[in-house]
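One line per chain: the protein sequences are A and B, in this order. If you use numbering that gives the first Met the number 0, the first sequence closes out at 161, no skipped numbers anywhere. If you use numbering that gives the first Met the number 0, the second sequence closes out at 161, no skipped numbers anywhere. The beta-carbon is built from N, C-alpha and C at its ideal position, and this holds for glycine as well. No experiment lies behind these values; they were computed from the predicted model shown. Everything below concerns the one structure shown next.
There are 2 protein chains.
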Amino acid sequence: MTATPPPTDAPTDAENLLRLEHQVCFALQNASRAFGAIYRDALKDLGLTYPQYLAMLALWEHGELSVKRLGELLRLDSGTLSPLLKRLESAGLVKRERSPQDERSVLVSVTATGAALREQATQVPLEVARRTGFDIAEMRELRGLLGRLTDRLDAAGTAQEC
Amino acid sequence: MTATPPPTDAPTDAENLLRLEHQVCFALQNASRAFGAIYRDALKDLGLTYPQYLAMLALWEHGELSVKRLGELLRLDSGTLSPLLKRLESAGLVKRERSPQDERSVLVSVTATGAALREQATQVPLEVARRTGFDIAEMRELRGLLGRLTDRLDAAGTAQEC
DNA sequence: CACAACTCAGTTGCGCGCAACTTAATAGTA
DNA sequence: TACTATTAAGTTGCGCGCAACTGAGTTGTG
Numbered sequence: 000m001t002a003t004p005p006p007t008d009a010p011t012d013a014e015n016l017l018r019l020e021h022q023v024c025f026a027l028q029n030a031s032r033a034f035g036a037i038y039r040d041a042l043k044d045l046g047l048t049y050p051q052y053l054a055m056l057a058l059w060e061h062g063e064l065s066v067k068r069l070g071e072l073l074r075l076d077s078g079t080l081s082p083l084l085k086r087l088e089s090a091g092l093v094k095r096e097r098s099p100q101d102e103r104s105v106l107v108s109v110t111a112t113g114a115a116l117r118e119q120a121t122q123v124p125l126e127v128a129r130r131t132g133f134d135i136a137e138m139r140e141l142r143g144l145l146g147r148l149t150d151r152l153d154a155a156g157t158a159q160e161c
Numbered sequence: 000m001t002a003t004p005p006p007t008d009a010p011t012d013a014e015n016l017l018r019l020e021h022q023v024c025f026a027l028q029n030a031s032r033a034f035g036a037i038y039r040d041a042l043k044d045l046g047l048t049y050p051q052y053l054a055m056l057a058l059w060e061h062g063e064l065s066v067k068r069l070g071e072l073l074r075l076d077s078g079t080l081s082p083l084l085k086r087l088e089s090a091g092l093v094k095r096e097r098s099p100q101d102e103r104s105v106l107v108s109v110t111a112t113g114a115a116l117r118e119q120a121t122q123v124p125l126e127v128a129r130r131t132g133f134d135i136a137e138m139r140e141l142r143g144l145l146g147r148l149t150d151r152l153d154a155a156g157t158a159q160e161c
């Protein structure tokens with residue numbers, strides 16, 4: 000019934016750490032991908048990908064944003080954002096224009112079409128909540144945990160080799 | 000001190016659900032990406048990406064695996080796995096051969112070079128643990144939570160429109 | 001046996017995510 | 001004022017992750 004064991008004698012500590020189901024990052028990625036599948040389904044009526052949806056959320060919430068600021072909010076750099084915004088622009092949802100104050104900066108804002116999409120978008124979190132059965136408290140708790148985890152990982156990543 | 004509010008009058012419930020920092024999936028993805036950055040750093044000596052590392056973990060642990068079985072373990076389909084395995088093969092770490100029993104199936108196994116890499120790989124989880132400061136109990140708890148979450152999301156995704 | 005249904009791996013196409021680089025504009029400084 | 005350093009956005013290249021499809025091999029049913 001058990002599969003052929005790896006060609007070693009006994010499971011040492013080091014080997015236990017290499018077991019696939021022991022990888023926290025793997026579990027995190029799996030949860031993220033499973034969530035992504037739910038959103039992909041809920042978003043297909045809007046014609047948005049999940050990253051595009053996040054960008055629209057940021058713009059709906061904050062109004063006009065520079066690419067840099069948007070990147071800070073979404074944790075993305077221009078290498079990802081530039082083509083993403085180009086696609087949103089060609090879909091008619093956002094407008095891009097260089098800042099008069101600082102010609103290096105590009106200001107992104109929603110068009111009338113993009114603003115109109117917001118109403119439809121309010122259905123998305125409701126649909127996701129309905130399908131997953133999460134309640135508000137549960138989601139907030141999970142968000143808090145993940146936020147603290149991310150902060151810790153960011154600190155570990157930023158830190159020099161120590 | 001507060002940022003300019005969005006061009007609406009009051010924050011309704013629906014609008015609160017659209018706030019960027021209220022998106023659980025976003026928090027999950029951020030944590031996953033932050034973790035990925037740590038691994039990317041820890042893995043660069045091995046010359047492996049994180050998905051490639053996961054594939055090697057599965058092969059080290061289980062020995063020879065079909066592409067299908069490997070995909071089940073890693074939650075990936077052949078569209079992702081085929082090119083990934085091709086890269087691992089051209090790096091000399093794995094070998095691919097069609098199964099004699101079932102010519103549709105391709106069996107993947109580690110080469111001597113791939114097996115030798117395992118020793119070096121034992122350093123990776125230790126390095127990650129060192130940098131993040133996680134202890135075993137903490138990681139196990141988090142893994143359990145994420146596993147239950149993934150199961151729930153998978154069920155929500157598999158379910159018909161209900 | 002014949003033939004349809006299914007399974008498995010692979011390919012193509014597209015959108016991220018990220019590193020490395022380029023170009024243009026601004027800020028800082030001698 | 002020149003001149004360097006810095007900053008912002010964009011581009012290129014590559015590796016996933018996933019949907020859609022192809023083609024070869026296998027299974028099941030008449």
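- The Cβ atoms of Arg95 of chain B and Glu88 of chain B lie closer than 7 Å to each other.
- Between Gln51 of chain B and Leu83 of chain B a beta carbon distance of about 6 Å is seen, short of the 8 Å cut, so the two are scored as contacting.
- Looking at the DSSP output, Leu72 of chain B sits in no beta bridge, so it has no partner there.
- Linking Arg142 of chain A to Ala26 of chain B through their CA atoms gives a straight-line distance of about 6 Å.
- Annotated three-state conformation of Leu64 of chain A is strand, per DSSP.
- For Arg129 of chain A, the secondary structure class from DSSP, reduced to helix, strand or coil, is helix.
- When DSSP states are grouped into helix, strand and coil, Glu102 of chain B belongs to the coil group.
- The continuous beta strand (DSSP E) containing Glu96 of chain B extends over residues Val93 to Arg97.
- Interface residue (Cβ-Cβ distance to chain B less than 7 Å): Ser65 of chain A is not classified as such.
- Rounded to whole angstroms, the Cβ separation of Leu19 of chain A and Leu53 of chain B is 7 Å, and the two are in contact under 8 Å.
- Contact between the segment 146-159 of chain A and the segment 30-46 of chain B is established, with three or more Cβ pairs separated by less than 8 Å.
- Not one beta carbon of chain A lies nearer than 7 Å to the beta carbon of Ala41 of chain B.
- Under the three-pair Cβ rule at 8 Å, the segment 108-115 of chain A does not count as touching the segment 57-74 of chain B.
- Excluding five sequence positions before and after Gly78 of chain A, none of the CB atoms of its chain fall closer than 7 Å to its own CB.
- For Ile135 of chain B, the number of other beta carbons within 10 angstroms of its own is below 16, and it is reported as exposed.
- Between Leu64 of chain B and Val107 of chain B the beta-carbon gap is near 6 Å, inside 8 Å, which marks them as a contact.
- If you check the CB distance, Gly156 of chain B and Ala90 of chain A do not come in under 7 Å.
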